[in-house]
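Chemist: Got a structure for you, written out below as structure tokens; questions coming shortly.
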Amino acid sequence: MQSKTAARTHTQLNRRSMLKGLAGLSGAGLLGGTFPMPAIAQETTWTLANSMRSLANPYHATFAKGGEEFAKSIGAKYEMLVTEGNSEKGVSDIKALLQRTGGKLIVNVDPNDSPDARVIVEEVKKAGGFVVTQWNKPDDLHPWDFDPNYVAHMSFDGVPNAEAIANALFGAFGGEGGIVALGGILSNVPAIERKLGLDNAIAKTNGKVKLLDFQPADWNEQKAFDIMQAWITRFGDQIKGVFAANDGMGMGALEALRQNSLAGTVPVVGIDGIDAALTAVEAGEFAGTVAWDPMWTGAMGLAIPYAHVTGKIDITKEPKEHREFYGTGVIVTKDTVAAYKANPPKTDFNDLWGKATGQVQYRS
Amino acid sequence: MNAPSSIPALEVRGVSKSFPGVKALDNVSFTIKRNEVVGLIGENGAGKTSLLKVLNGIYQPDEGELLVDGRPVTLASPRQAFDTGIAMVFQEQTILPSLTVAQNIFLGREEEFLRFGLVSKARMNEAAAAELKKVHLDIHPGTACAKLSFADRQMVEIAKALSLDSRITGNITILLDEPTSVLERKEVELLFAIIDDLKKRASIAFISHRLDEVLAVSDRVYVMRDGKVVKEFDGKDVTEKDMHQHMVGRQLHTEYYREARQTACSEKVLIEARALSKAGAFRNVSFALRAGEVLGIAGVIGSGREDLARCLAGHTKADAGTLEVNGQRARFASVPQATAQGVGLVPAERKVEGLVAQFSVAENMTLAALPKFVAKGLLNFGAETAQAKSWIDRLKIKTPSPHAMTGGLSGGNQQKVVLAKWRIAGVKVLILDHPTRGIDVGAKEDVYELVRDMTSEGLAVILLGDTLEEVIGLSSRILVMRDGEVTASFEAPPGGKPTQIDLVQHMV
Amino acid sequence: MQTRKATSFSYLEQWRRWAPLAVLIALCILIGLFNPNFLSTGNFIRLLNSAAIPVVLCMGATFIILMGSIDLSVEGIVALTAVIVSLLVANDITTYKLGLFAVPVAMAIGGIMGLVNGVVHVKLKTPSFMTTLGIGFAGLGIATAILGGLTVRIADPTFRYLSLGRILGIPMAVWIALAAFLVALTIQQRTRIGAWIYAIGTDEVTARFAGIPVEKTRILVFALAGLFYGLGGVLAAAQFGQGHALIAQGRLFTTITAVVVGGTALSGGVGSVVNSIIGVFIVVVLANGMVLMGIEPYVQQGVQGLLIIAAVALALDRSRLSVVK
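Chains as they are written, first to last, in my numbering: chain A, 1 to 364; chain B, 1001 to 1508; chain C, 2001 to 2325.
Take a look at the structure:
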């Protein structure tokens, strides 16, 4: 399981309208995989598709919605492909769709696992379609090696965002004392990046902030709850703050603090910007979170290739920072949460790289 | 008690019951009168247990009818039999170790202790205590049965059947299938006392392999053979010898068993057991098996011969005594070790233990000798197929090809595949546990032919025959086992074979 | 004729029954020596709190496993009931405000899911493994479809009191788990179904011979387990103050592990709900203790795995097994 899978992000949609849209999906269909969406006036012969792990988490639900909004704006057919954490299913669904569309397919895919990206890219190139990948790909797989079919790779940089949110946490308790940290699944790239960002932030305090303990809670709320309980026993009031590598685990830790009447006293930070975390920020129980923008990744992963096939741009002539790039994470704290909620990030389908923040870096 | 006492408590008229391949009951008629103890004897597979299972509603007869108190009944289940006044004590115990004694006795009949949907343990235990008293078992009814010895569980099983007594107003019939096999002498006496006492109120059918027991308690004895009732003895004037006569009583066909090909055994001892013992299975077993010899072992279920066979083939370890193979001390810790030393077992349950039905004929044949077909860590399929082909020819196995699935062959041909497997593995001593069970007559003769082939090639065979006839016909020497001990040994040269009665006397 | 005393079967067998408890006590002593805070009242209450939901789930799963079946629908049913109960109390998506009346509704839905498990398993004769896996996925699917991947936030303080409230300093969830245990114990000890579950798990043929309605019992027990999972879903929603499709993630493994570590055999017929309580505490104490002792995260999973194998090996009577699958 890759981290962004567990990532949840604040959505700027009207929640009720979104529920209505999804209520039509049957439970069995969710397990099955592809969802033919209602056909809209056809203005293009290209089929668009977003592929993701599951619709059960807000990040991917919004990612899928972003793709749908873009497809609607150009009147294209749109499909959602769900891997359910199964790499084989992810690849074969894309192959089937390539077959069905005769290669006239633009697919924006969040591969279930890094190696899947290579297979998918090769299949798409063979069929003459276009592909954008998100988050996961092997380090030596680059879009410019598969011109023009492998259009781009998009990601968010865990290191600076984690460092920034850690600093927000330190600020919340006065910059001196012990903290505990919950990590994601040990082998996930985002988990490693976010831990690295935390370590960088701690190092820069010159010993003022001490990491009392680090435990991986595997992106799991319940596990985070149990670990936090044990920490309360072990460290007691030495704990000045809690760093969680995603908001879900942060919420688990917060509930454990609440059970021990410490909610609001010991600040928590998370990453992803899920609704519950934003509410906790408002209530002063969370010191902050990092909000990603899955609406934007869901749409741009289709908009950039579409711009290429319609001749608006020639992707092969674009610089590398337009082919492998990071999106923008927004640090939301008590001071900024009201503004963030009042003025959520907007996605302009024509501003292809407006929110890109530099070329992807390889640290290992 | 509304029916006149001259009407039998239980009557079976012309009942037949078939299972695929066997006729378990063949037009059986059988009566239990009021307050009577009826003994039921016969060889293994004669149909005794099947008959009781029909009476208890476990089997539904294909033909014939059942009368209780002179009225025809259909018994669809043991529960229905119970409500009709018939309870059975099973050979294989049905006491559930995870439940208490009381829960076992009243399993499925808890409704009489219900109050507001909950079972009153106090009342149930009290009722159970009354039943336990009947079998003189002084245990708390709330004890988990897992804590009881097998003998005590058997007594609980009997108490369970006796609980009919206070719950059915009419006549009751108790069916006892080998109730004494796990009981010690003292407990058997107790059981007999209980039966004696019970007669005042109930009718009883009693199966035992121990003829002396049957004689001791029965008013009448039925002898069964091949699914038929062959003799009915009235009164107490019958002897064990009479019973033996009727339990067996078939003529031997020397030709059928290829007696002419029986080889005189050589002096070379292949395997020798000295005072071999295993707790709860067999005691103090000694014998020497020579090349070219067929050693038959006769005995009823529970005689320990199956355990002995499994021990010789390395499936289990003996507790005491020694085993020598080719003059060298051997102690098999596993089947492959026994195989390597040249001892193999062809089990009774071919499909479960001897063959992998989904494997091809060739794969099955080479299963016990795979290392022989491995070169550079890989299986040499060519050699495997060649070897399989030669054995298919030699044993005249009817299979479309060496690669056909073994499960698709007939029983006899499957048995030949098993034999080939052990021959390829190079065993010198082959233990055959019921090698002809469930295969047709023609295939049986093929197997006998193969046994003769093996001995003439200098192999030795230990045979746990399907019938006494088979043991006598094939063996050059016969050991008789009873209750884990060797009770007799017979030389069986062609023309000088012991009779079945000779053997049966020592078996039961 | 003299009456005879029953013979005690085997000391080893007696000891085996206590093996899980011995493991639990040994763990507590070991962790207590390492970090005396472990034995503090505060930590004890925290342990009870962590154990509450697993206990409720194990009560249902124990009965299924005692019958020799398996139930893999735990996560699906918990997730669905948690989502439904969150939507029925005051929340930020729907306008329902059923308050505590939502609890029986959610439990009933759990019971119906369990009933479907049982009916499909018994009537279509599909192995419980596959049936419950399928129904579990269906539960997760429906939960996902209802919320579309979103999270519903609960805004009903009365409902949250089920987790956050305290009586005598002990969280409500713990009292509810205790009540669930007492109900399960009564079912096991004092009802016909209780005895029949053991009979079916030990030897279905004997159970049939005794006139036990085996099919009906199976269906009923699956439905009963569903009720417990439904209650588990309610507690999970109350604990986190929200409902979402992933809320039950990891529950299945903990539940089955606790039942088996407690000494209930997967082969059926052996064990009890008391064993499962011990099993839950072994799992919870171990997770808590490893953090308290500061054991490397990398090592923790290994220790957990070893302990499961050790506990099962101690509790298992291998002499009766000839084939292990």
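Think of the CB as a built atom: it goes at the ideal place given N, C-alpha and C, for glycine as much as any other residue.
So, with DSSP's three-state summary, where would you put P216 (chain A)?
Modeler: For the purposes of this step, residue 216 (chain A) is taken as the residue at position 216 of the first sequence. Correct three-state label for P216 (chain A): strand.
Chemist: Considering just the uninterrupted stretch of the alpha helix (DSSP H) at N1125 (chain B), what are its terminal residues?
Modeler: Here residue 1125 (chain B) is taken as the residue at index 125 of the second sequence, counted from 1. It spans 1121-1134 - the alpha helix (DSSP H) in which N1125 (chain B) sits, taken as one unbroken run.
Chemist: Any beta-carbon of chain B closer than 8 Å to the one on Y1958 (chain C)?
Modeler: For residue 1958 (chain C) there is no data in the structure shown, the boundaries of chain C being 2001 and 2325.
Chemist: Write down the C-beta distance between G384 (chain A) and F63 (chain A) rounded to the nearest angstrom, noting that I regard them as a contact closer than 8 Å.
Modeler: This structure gives no information on residue 384 (chain A), because the portion of chain A shown stretches from 1 to 364.
Chemist: In whole angstroms, what separates the C-alpha of G1047 (chain B) from that of A1024 (chain B)?
Modeler: Here residue 1047 (chain B) refers to the residue found at position 47 of the second sequence. Here residue 1024 (chain B) refers to the residue found at position 24 of the second sequence. Answer to the nearest angstrom: the Cα atoms are 5 Å apart.
Chemist: R1079 (chain B) versus chain C: which residues are under 8 Å apart at the beta carbon?
Modeler: What you label residue 1079 (chain B) is simply residue 79 of the second sequence in a count that begins at 1. Neighbours of R1079 (chain B) on chain C, chain order: F2209, A2210, G2211.
Chemist: Could you tell me the distance, in whole angstroms, from the CA atom of S1016 (chain B) to the CA atom of A1369 (chain B)?
Modeler: For the purposes of this step, residue 1016 (chain B) is identified with residue 16 of the second sequence, where counting begins at 1. For the purposes of this step, residue 1369 (chain B) is identified with residue 369 of the second sequence, where counting begins at 1. Their backbone Cα atoms lie some 46 Å apart in a straight line.
Chemist: Check whether the Cβ atoms of Y326 (chain A) and V360 (chain A) lie closer than 8 Å to each other.
Modeler: Reading the first sequence from its first residue, position 326 is the one you call residue 326 (chain A). Reading the first sequence from its first residue, position 360 is the one you call residue 360 (chain A). Contact flag set, yes.
Chemist: Please name the residues in the segment 1097-1120 of chain B whose beta-carbon is closer than 8 Å to at least one beta-carbon of chain C, in chain order.
Modeler: Here the close residues are P1097, S1098, L1099, Q1103, L1107, G1108, R1109, E1110, E1111, L1114, G1117, L1118, V1119.
Chemist: Leaving out the 5 sequence neighbours to the left and right, which residues in its chain are closer than 7 Å to V1294 (chain B) when beta-carbon positions are compared?
Modeler: As a position in the second sequence, residue 1294 (chain B) is number 294, starting the count at 1. Cβ within range, chain order: V1451, T1455, V1461, L1463, L1474, S1475, S1476.
Chemist: What does DSSP give as the partner residue(s) for K210 (chain A) in the beta ladder?
Modeler: In the first sequence, the residue the question calls residue 210 (chain A) occupies position 210. DSSP output for K210 (chain A) lists A:G178 as bridge partner(s).
Chemist: Note the first and the last residue of the continuous beta strand (DSSP E) segment covering E1112 (chain B).
Modeler: On the second sequence, position 112 is the one that residue 1112 (chain B) refers to. Looking at the DSSP string, E1112 (chain B) is not in any beta strand (DSSP E), and its letter there is neither H nor E.
Chemist: Do L2048 (chain C) and I2170 (chain C) have their CB atoms nearer than 8 Å?
Modeler: Here residue 2048 (chain C) refers to the residue found at position 48 of the third sequence. Here residue 2170 (chain C) refers to the residue found at position 170 of the third sequence. Yes, the pair counts as a contact, with Cβ atoms nearer than the cut-off.
Chemist: Just confirm the distance between the C-beta atoms of G1042 (chain B) and M1224 (chain B), as a whole number of angstroms; I'd bet it's less than 8 Å.
Modeler: Taking the second sequence and counting its residues from 1, the one referred to as residue 1042 (chain B) is at position 42. Taking the second sequence and counting its residues from 1, the one referred to as residue 1224 (chain B) is at position 224. Going by Cβ atoms, the distance from G1042 (chain B) to M1224 (chain B) rounds to 4 Å, so yes, they are a contact pair.
Chemist: Are the CB atoms of A164 (chain A) and A287 (chain A) within a distance shorter than 8 Å?
Modeler: Your numbering for residue 287 (chain A) matches position 287 in the first sequence. Your numbering for residue 164 (chain A) matches position 164 in the first sequence. No, these two residues do not count as a Cβ contact at 8 Å.
Chemist: I need the straight-line Cα distance from Y2096 (chain C) to I2146 (chain C), nearest angstrom please.
Modeler: Taking the first residue of the third sequence as 1, we reach residue 2096 (chain C) at position 96. Taking the first residue of the third sequence as 1, we reach residue 2146 (chain C) at position 146. The straight-line gap from Cα to Cα measures roughly 15 Å.
Chemist: Under 6 Å Cβ to Cβ from Q1091 (chain B), same chain only, skipping five residues before and after it: list those, please.
Modeler: Indexing the second sequence from 1 puts residue 1091 (chain B) at position 91. Hits under 6 Å: D1177, E1178.
Chemist: What would DSSP say about M1243 (chain B), mapped onto helix, strand or coil?
Modeler: Counting from 1 along the second sequence, the entry for residue 1243 (chain B) is found at position 243. Helix.
Chemist: Answer with buried or exposed for K126 (chain A), where buried requires no fewer than 16 other C-beta atoms within 10 angstroms of its C-beta.
Modeler: The residue given as residue 126 (chain A) occupies position 126 in the first sequence. Exposed, since its Cβ has fewer than 16 Cβ neighbours within 10 Å.
Chemist: Indicate whether G1302 (chain B) and V1480 (chain B) have their beta-carbon atoms separated by less than 8 Å.
Modeler: To locate residue 1302 (chain B), count along the second sequence from 1; it is residue 302. To locate residue 1480 (chain B), count along the second sequence from 1; it is residue 480. For G1302 (chain B) and V1480 (chain B), no; Cβs fall outside 8 Å.
Chemist: So is T1094 (chain B) in contact with chain C if we call contact Cβ pairs under 8 Å?
Modeler: Along the second sequence, read from residue 1 onward, the residue named residue 1094 (chain B) stands at position 94. By this cut-off, T1094 (chain B) is an interface position.
Chemist: Could you tell me which residues DSSP puts in a beta bridge with M376 (chain A)?
Modeler: Look at the range of chain A in this structure, 1 to 364, and you will see that residue 376 (chain A) is not part of it.
Chemist: Measure the C-alpha to C-alpha separation of A1492 (chain B) and A1443 (chain B) and round it to an integer number of angstroms.
Modeler: Against the second sequence, residue 1492 (chain B) aligns to sequence position 492. Against the second sequence, residue 1443 (chain B) aligns to sequence position 443. Looking at the two C-alpha atoms, the distance is approximately 24 Å.
Chemist: Indicate whether at least one CB of chain C lies closer than 8 Å to the CB of I179 (chain A).
Modeler: Here residue 179 (chain A) is taken as the residue at index 179 of the first sequence, counted from 1. Answer no: the Cβ-Cβ gap between I179 (chain A) and chain C never drops below 8 Å.
Chemist: Note down the Cα distance separating Q1500 (chain B) from Y1222 (chain B), rounded to an integer number of angstroms.
Modeler: Working through the second sequence from its first residue, we reach residue 1500 (chain B) at position 500. Working through the second sequence from its first residue, we reach residue 1222 (chain B) at position 222. For Q1500 (chain B) and Y1222 (chain B), the distance between alpha carbons rounds to 19 Å.
Chemist: I'd like to know if A1488 (chain B) contacts chain C, where contact means its C-beta is closer than 8 Å to some C-beta of that chain.
Modeler: Numbered from 1 along the second sequence, position 488 holds the residue referred to as residue 1488 (chain B). It does not: the Cβ of A1488 (chain B) has no partner Cβ on chain C nearer than 8 Å.
Chemist: Where does T34 (chain A) fall in DSSP's three states?
Modeler: Translated into positions along the first sequence, residue 34 (chain A) becomes position 34. Below a pLDDT of 50, predicted positions are generally treated as unreliable, and T34 (chain A), at 43, falls in that range; the measurement from the model is reported next regardless. Looking at T34 (chain A) - three-state DSSP - the assignment turns out to be coil, as it is neither helix nor strand.
Chemist: So, does the CB of P2171 (chain C) fall closer than 8 Å to a CB anywhere in chain A?
Modeler: For the purposes of this step, residue 2171 (chain C) is taken as residue 171 along the third sequence, with counting starting at 1. Yes, P2171 (chain C) counts as interfacial toward chain A.
Chemist: From the beta carbon of N2275 (chain C), is the nearest beta carbon of chain A less than 8 Å away?
Modeler: What you label residue 2275 (chain C) is simply residue 275 of the third sequence in a count that begins at 1. It does not: the Cβ of N2275 (chain C) has no partner Cβ on chain A nearer than 8 Å.
Chemist: Quick one: list the residues of chain C neighbouring A61 (chain A), beta-carbon separation under 8 Å, in chain order.
Modeler: Here residue 61 (chain A) is taken as the residue at index 61 of the first sequence, counted from 1. Near A61 (chain A) (Cβ distances below 8 Å), the residues of chain C are G2148, G2149, L2150.
Chemist: Which residues in the same chain as I232 (chain A) place their Cβ atom closer than 8 Å to its Cβ, once the five residues preceding and following it in sequence are excluded?
Modeler: On the first sequence, residue 232 (chain A) is found 232 positions in, with the first residue counted as 1. Excluding residues within five positions, the ones whose Cβ falls inside 8 Å are I239, A256, L257, N260, L262.
Chemist: Since L48 (chain A) and G75 (chain A) should fall inside the 8 Å C-beta cutoff, what is the C-beta to C-beta distance between them, to a whole number of angstroms?
Modeler: By one-based count along the first sequence, residue 48 (chain A) stands at place 48. By one-based count along the first sequence, residue 75 (chain A) stands at place 75. Actually they do not touch by this definition, with Cβ atoms about 11 Å apart.
Chemist: Where do the ends of the beta strand (DSSP E) carrying G75 (chain A) lie?
Modeler: Your numbering for residue 75 (chain A) matches position 75 in the first sequence. Looking at the DSSP string, G75 (chain A) is not in any beta strand (DSSP E), and its letter there is neither H nor E.
Chemist: Just the Cα atoms here: how many angstroms apart are S1050 (chain B) and I1158 (chain B)?
Modeler: The residue you call residue 1050 (chain B) lines up with position 50 of the second sequence. The residue you call residue 1158 (chain B) lines up with position 158 of the second sequence. Their Cα atoms are separated by approximately 19 Å.
Chemist: Quick check: the Cα distance between S114 (chain A) and D139 (chain A), rounded to an integer number of angstroms?
Modeler: Taking the first residue of the first sequence as 1, we reach residue 114 (chain A) at position 114. Taking the first residue of the first sequence as 1, we reach residue 139 (chain A) at position 139. In a straight line, the C-alpha of S114 (chain A) is about 9 Å away from that of D139 (chain A).
Chemist: Under 6 Å Cβ to Cβ from L1276 (chain B), same chain only, skipping five residues before and after it: list those, please.
Modeler: On the second sequence, position 276 is the one that residue 1276 (chain B) refers to. Only V1285, A1318, G1321 meet the Cβ criterion.
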